[in-house]
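Participant: Numbered as in the numbering used here, the sequence shown ends at 151 without a single skipped number.
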Amino acid sequence: MSLLQRHAVTAETLKRWQGREFAWGTADCARLAACHLRRAGHQPPLNRSGQWRTALGAARALQRAGFANLADALDAVPLLRIAPAAAMQGDIVALPSEDRFEALGIVLGNGRVLSWIGGDAAPGCAVLQPVQPPAMAWRVLFEMGAGA
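In structure tokens form, the structure reads like this:
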């Protein structure tokens with residue numbers, strides 16, 4: 004995987020999601036991560052968990068899919084769990100959040116991520132410079148032809 008391809012896929016994700024208002028089940032961090040993973044050539048298991056419209060519904064959807072939390076769902080994708088400090092553009096990180104879920108974000112570089120922090124209280128999906136470091140990170144392995 005070239006860095007140019009990694010950059011292109013991440014730029015596509017940024018263009019599609021930046022500014023979108025938060026909505027459980029259609030515009031939340033799980034859907035953001037799933038979209039990014041599809042662009043990278045993966046079939047994320049979150050797509051098989053059904054629909055949700057609330058935080059409780061999201062927890063139930065994860066449970067139906069067989070996951071205790073979002074980290075477990077990401078671990079089910081062929082991704083490498085890495086040290087958060089090693090995350091590079093296009094990787095996924097889990098950030099501390101005020102609601103019951105960690106906030107997933109897409110690493111943009113220079114410490115910035117694309118995400119919501121604060122769940123439905125967040126004004127929109129934005130480029131953030133988190134104050135607290137990510138709790139977890141996953142290296143997104145881009146499949147050949149992804150993002151092309």
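All residues carry an ideal CB built from backbone N, CA and C; glycine is no exception.
Predicted model, so just to flag it, every value in this text is computed and none were measured.
Helix, strand or coil for Ala86, going by three-state DSSP, please let me know.
Facilitator: Walking along the sequence shown from the start, residue 86 turns up at place 83. In this structure, Ala86 counts as coil in the three-state DSSP scheme.
Participant: Where does Ala76 fall in DSSP's three states?
Facilitator: As a working mapping, residue 76 is identified with position 73 in the sequence shown. In this structure, Ala76 counts as helix in the three-state DSSP scheme.
Participant: Of the choices Gln92, Ala62, Leu7, whose alpha-carbon is the least far from that of Val130?
Facilitator: Indexing the sequence shown from 1 puts residue 130 at position 127. The residue with the shortest Cα to Cα distance from Val130 is Gln92.
Participant: Looking at C-beta atoms only, is the number of pairs between the region 69-84 and the region 139-147 that lie closer than 8 angstroms three or more?
Facilitator: The answer is yes - the region 139-147 touches the region 69-84, with three or more Cβ pairs under 8 angstroms.
Participant: Inspect the CB distances between the region 105-120 and the region 52-63 and report whether three or more fall short of 8 angstroms.
Facilitator: Segments in contact, no.
Participant: By the DSSP assignment, the alpha helix (DSSP H) with Met141 in it spans what residues?
Facilitator: In the sequence shown, the residue the question calls residue 141 occupies position 138. Sequence inspection shows Trp at residue 141; the Met mentioned does not correspond to that position. Looking at the DSSP string, Trp141 is not in any alpha helix (DSSP H); the run it does join, the beta strand (DSSP E), is 139-142.
Participant: Do Cys32 and Trp119 count as a contact pair if the criterion is CB distance below 8 angstroms?
Facilitator: Translated into positions along the sequence shown, residue 119 becomes position 116. Translated into positions along the sequence shown, residue 32 becomes position 29. Going by C-beta atoms, Trp119 is nearer than 8 angstroms to Cys32.
Participant: Tell me whether Leu6 is buried or exposed, calling it buried when 16 or more other Cβ atoms sit within 10 Å of its Cβ.
Facilitator: Within the sequence shown, the letter at position 3 stands for residue 6. Counting Cβ neighbours within 10 Å, Leu6 comes out exposed, since fewer than 16 surround it.
Participant: Does the distance between the C-beta of Gln46 and the nearest non-hydrogen atom of the ligand GDP fall short of 7 angstroms?
Facilitator: This structure lacks the ligand GDP; in fact it carries no ligand of any kind.
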